[in-house]
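*Asks:* In terms of the working numbering, the sequence shown opens at residue 2 and continues consecutively.
Dropping the structure in here first, questions after.
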Amino acid sequence: QHEAKIRSLTEYAQSLELRKRHLEEAHDALGEELARLQAQGAEVPGRCWDPRGCLGWPELRPRAAQAALELQLESQREAQHKQLARLRDEVNERQKTIDELRDQNQKLELELERLRAEHEALRGEERAKAARLQELTLLYERHEQSKQDLKGLEETVARELQTLHNLRKLFVQDVTTRVKKSAELEPEDSGGLHSQKQKISFLENNLEQLTKVHKQV
Numbered sequence: 002q003h004e005a006k007i008r009s010l011t012e013y014a015q016s017l018e019l020r021k022r023h024l025e026e027a028h029d030a031l032g033e034e035l036a037r038l039q040a041q042g043a044e045v046p047g048r049c050w051d052p053r054g055c056l057g058w059p060e061l062r063p064r065a066a067q068a069a070l071e072l073q074l075e076s077q078r079e080a081q082h083k084q085l086a087r088l089r090d091e092v093n094e095r096q097k098t099i100d101e102l103r104d105q106n107q108k109l110e111l112e113l114e115r116l117r118a119e120h121e122a123l124r125g126e127e128r129a130k131a132a133r134l135q136e137l138t139l140l141y142e143r144h145e146q147s148k149q150d151l152k153g154l155e156e157t158v159a160r161e162l163q164t165l166h167n168l169r170k171l172f173v174q175d176v177t178t179r180v181k182k183s184a185e186l187e188p189e190d191s192g193g194l195h196s197q198k199q200k201i202s203f204l205e206n207n208l209e210q211l212t213k214v215h216k217q218v
């Protein structure tokens with residue numbers, strides 16, 4: 002928008018400059034014509050400078066016509082001089098407006114460039130945050146999967162421990178029952194009873210160690 006306005010004002014200023022040049026040329030031409038007429042009038046003695054007062058004298062009529070033409074040329078020169086002054090003022094004012102618009106347009110371009118740089122920086126930060134979020138999401142999903150896997154493993158170990166505990170109870174009960182029956186059938190065989198107790202103790206220790214291993218797992 003500013004560029005279009007600057008272009009329009011520049012074209013208008015060029016148009017005014019052309020008009021001013023034409024008026025200056027016309028002004029110079031009138032000046033030359035006036036100087037020529039004045040030079041011709043100076044060669045004729047008894048020159049009449051008032052055309053109205055010279056009309057009654059036939060011999061002075063050419064001089065009166067010359068004087069009238071000089072007055073007309075002088076009037077045109079003054080009018081053109083005023084018009085040139087107005088045109089100069091208008092050209093200067095237009096040029097001032099063009100300069101102000103150019104300065105404003107340059108400031109807007111700098112501001113636009115700054116905003117573009119900030120926008121690009123924000124886009125870079127957004128891309129970095131998106132990549133970081135994706136990375137954290139992947140880590141969270143892996144963590145949740147590990148928790149699920151660990152939970153499943155804990156449940157499996159707990160079931161195995163419970164099964165082992167039940168087997169141990171059954172085993173101890175079975176061994177105790179057998180020992181009692183053996184003691185009732187062979188009360189005099191104390192050596193056999195001692196051997197059975199050692200076997201039971203050995204088996205219990207093995208079961209205890211196996212239980213600890215399962216718990217560590």
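Virtual Cβ for every residue (Gly too), placed ideally from N, Cα, C.
Measuring CB to CB, does Ala27 end up less than 9 Å from Gln107?
*Replies:* Not in contact: Ala27 and Gln107 (Cβ atoms no closer than 9 Å).
*Asks:* Verify whether the separation of the beta carbon atoms of Leu85 and Leu24 is less than 9 Å.
*Replies:* Their beta carbons are under 9 Å apart, which means Leu85 touches Leu24 by this criterion.
*Asks:* Round the Cβ separation of Leu17 and Glu101 to the nearest angstrom and send it over; I've been treating them as touching at under 8 Å.
*Replies:* About 17 Å; that fails the 8 Å criterion.
*Asks:* Out of Glu110, Gln15, Glu136 and Ser202, which has the shortest C-alpha to C-alpha gap to Val180?
*Replies:* Closest by alpha carbon: Ser202.
*Asks:* Would Ala68 be called buried (16 or more neighbouring beta carbons within 10 Å of its own) or exposed?
*Replies:* Buried.
*Asks:* Give the C-beta separation of Lys21 and Leu74 to the nearest angstrom, bearing in mind that I take them to be a contact with Cβ-Cβ under 8 Å.
*Replies:* Contact doesn't hold; Cβ gap of about 20 Å is too wide.
*Asks:* What is the rounded straight-line gap between the Cα of His144 and the Cα of Glu126?
*Replies:* Approximately 26 Å between the Cα atoms of the pair.
*Asks:* Report the start-end ranges of each alpha helix (DSSP H) in the stretch 91–155 that is 4 residues or longer and not cut off at the edges.
*Replies:* Entirely contained in the stretch 91–155, not one alpha helix (DSSP H) run reaches 4 residues.
*Asks:* Looking at C-alpha atoms only, which residue of Glu94, Glu79, Glu112 and Ala131 is the closest neighbour of Gln228?
*Replies:* Not covered by the structure: residue 228. The range shown for the chain is 2 to 218.
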